[in-house]
Structure formats: C-alpha cells, structure tokens
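For the sequence shown, the residue numbers in the working numbering are 9 to 291.
C-beta: ideal position from N, C-alpha, C; glycine also.
What you are looking at is a predicted structure, and each value in this text was computed from that prediction instead of being measured.
Working notes, structure below.
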Amino acid sequence: MRVSPFIVIAIAVLLTASAAYATGYRVGFASQQEGPSHASVGASVRVSSSVPGAPGGSEGESGSIEPLSSGEPSSSAPEPESACVREPRRIPCAPPPEAPEKPAPAQPAAAPAVLAMTVASRLNLPAGAIESSPSKHTAGLTGAASWFWLSPTPSQQSLSTSAGRESVAVTASIGVVRWNFGEGEAVVGGPGVAYRPGPTPQDAVLHVYQTRCLPGDQGHDPNVASSCGPNGYEVQAVIEWRVSFQASGPITTSGPLPSRTTAATLTYPVTEARAFLTNAGGT
9 MRVSPFIVIA
19 IAVLLTASAA
29 YATGYRVGFA
39 SQQEGPSHAS
49 VGASVRVSSS
59 VPGAPGGSEG
69 ESGSIEPLSS
79 GEPSSSAPEP
89 ESACVREPRR
99 IPCAPPPEAP
109 EKPAPAQPAA
119 APAVLAMTVA
129 SRLNLPAGAI
139 ESSPSKHTAG
149 LTGAASWFWL
159 SPTPSQQSLS
169 TSAGRESVAV
179 TASIGVVRWN
189 FGEGEAVVGG
199 PGVAYRPGPT
209 PQDAVLHVYQ
219 TRCLPGDQGH
229 DPNVASSCGP
239 NGYEVQAVIE
249 WRVSFQASGP
259 ITTSGPLPSR
269 TTAATLTYPV
279 TEARAFLTNA
289 GGT
C-alpha cells in the first residue's frame, strides 16, 4: 500500500510549524479497505508545546489530518472478477453459469430380426383359388385323370418398413404345394397348370379317382369312401412359403425367417360311368 502525497505534505507542514514550540509530538497512521480494489489512508499528529514566558508548559491542541483516499488500488491481491462475497461488503453475487444441455442419448438401432418378424406377420400371401378340369360343375369321372391348379398362380410377395435409420425388406416365395384330393395319398408339387390338350406338362397336377362321390352318397351308398363329403370330395392345396429378410442401416444383415402356409379348398364331386352287358340278339 502506498501513502498519498497529500498526506506526506500535511505531515511535513505540521512538523515544521511545531518545531519552535514543540516539546514533543506523535504521528499516527490509519487505513481502511473500501472495496475489492480500493482503500483509504489517513494520518494524525499530536503536538505538545510550551509558550515562552508562560509558567509551566501547556499541551497544545493536537492537529489531525482526516483520512484521505489514496486514489490508488490496494496493494493486496485483487479478488478475481468471479468472486462472490456476500458479507460484509455486500457485493452482488452473479448467478452460477447454467450447465450446458446434454444431448439426448442416441436411440438404439432396432433389432433387424425382430422388426422382420413383425413385417412378415403382416405380409399378405394369397393362395389363389383351386380350378379343375373337368369342372366341379360337371363333376369328375372315376378312372379318368382330373387336372387341378391354382388361379391366379401364387407369386413372390414383398413388404418393407423402416424404424429409425434401420430398414428391413421381407420376401416370401413359393416353396412347395401339398395337394390332398380327398382320396388316396397327398401329392407334393407346385401350383399346377391349367388344362390344355396335347402332351401333359411336367408341372401339371393330376389325380385319378377310383370311387365316386356325389351329393347324397354319404350315408346312402355303402360303396363310397369314408372321405366322401356331403357334396363331394374336399380338395385342398396347402402352400408353404419360404420367407427371408434383408436389413440395411446401422446393422446390415440378412437371413431366413420361419415359413408360413396358406391354403385353398374346393368341393369336388366325382361320378362314375358303368358298363352293362345286354343280349342284343336275344336267344
């Protein structure tokens, strides 16, 4: 802390003025902190004097100098600007800085296989309708081949969806078609082809019935098969679909999913042709 020049000059004047009369004097200093970077400094002088010719000496009045501001910052280390002192200086405290907002955590990528299963369950897999030749309206004939096929022919089906940045495409294609004609053994093949004259195509689905089954036969004709229904044989085509998925995004993968099945049915009456021997020429 430095003393103001004004204080030094005042002390010098008092000392000079009292030199002739003073028998003694005392000098005192005082300082006071006014703020974080400001202080005031003062001094006082007490003089004892005797007047010549006067009996005994009398102590004169003491002179004093009021505290003067040094006008300069205190030599003590300044407090940092961010300091917050509530008492006794009552310096206002700045509010604490707001913590920066943390970014929202990134959403985890959806599991592709789980997403694919959901998509596969919504996939529409039409089986088509069973057509036949001879037609169901004219009935099949025992001993003759009946043709069966699905119309329209089932085709590959696809469905895709997205969840966040993950995309999944699900595809279902025909595996095999299991045919049950209501009589005899089931056949594993394809969707069949429509009847046309000429050589039989390799992918045609045929069945030759051995026993008739017409409406009303069940329960009345002991020769009909137990599988004969009230209005004919129940023909069924069960399609087994191969399902797979392809995922792209944060997770790129692919693979098979559980297969699905759809089915179509047809009530198919079958009649018979009988031969009778007759004696046309008589005897």
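Cβ-Cβ distances below 7 Å link W157 to E139, P199, G200, V201, A202, V213 in the same chain, with the five nearest sequence neighbours on each side left out; the list follows chain order.
Here N188 is buried. Its C-beta has 16 or more other C-beta atoms within 10 Å. Put simply, of P120, P266, A107, P108 the residue whose alpha carbon is nearest the alpha carbon of G257 is P120. S143 sits away from G190, with the two beta carbons spaced by 8 Å or more.
When rounded, the separation of the alpha-carbon atoms in V246 and V195 is 11 Å. The alpha-carbon of P134 is positioned some 7 Å away from that of P162. In this structure, Y217 keeps its C-beta atom at 8 Å or more from the C-beta atom of S175. In the three-state scheme derived from DSSP, where H, G and I count as helix and E and B as strand, P160 is classed as coil. Rounded to the nearest angstrom, the gap between the Cα atoms of Q164 and T260 is 23 Å.
Membership of R250 in the beta strand (DSSP E) is indicated by the continuous run 241-256.
Here the C-alpha atom of Y241 lies approximately 16 Å from the C-alpha atom of H228. Residue state for S143 is assigned as coil, using DSSP reduced to three classes.
The Cβ atoms of R130 and A180 do not sit closer than 8 Å to each other. Relative to L222, the option among P238, P207, P209, S166 whose CA is nearest is P238. In the DSSP secondary-structure assignment, S170 is bridged to S175.
Within the same chain, Cβ atoms closer than 8 Å to the Cβ of L123 are found at T169, A171, E174, V176, A255, the five residues on either side in sequence being excluded. Each residue's CA atom was taken as its position, placing Q210 and V185 some 15 Å apart. Per DSSP, S129 has no beta bridge partner at all. With contacts defined by Cβ atoms closer than 8 Å, T279 and L167 do not form a contacting pair.
G183 is the residue among S141, M125, G183 whose C-alpha sits nearest the C-alpha of E248. The residue from L274, H215, E106 with its alpha-carbon nearest to that of V243 is L274. Note on H215: 16 or more other CB atoms within 10 angstroms of its CB, so buried under the neighbour-count rule. If you draw a straight line from the Cα of K110 to the Cα of A272, it is about 58 Å long.
Closest in C-alpha terms to T126, from the list R282, T270, F253, N231, comes F253.
A straight-line Cα-Cα distance of about 35 Å links A137 and A283. The beta carbon of S262 is closer than 8 Å to those of S252, F253, Q254, A255 in its chain, skipping five residues each way along the sequence. In its chain, beyond the 5 residues on either side, V178, V251, L265 have a beta carbon closer than 6 Å to the beta carbon of A128.
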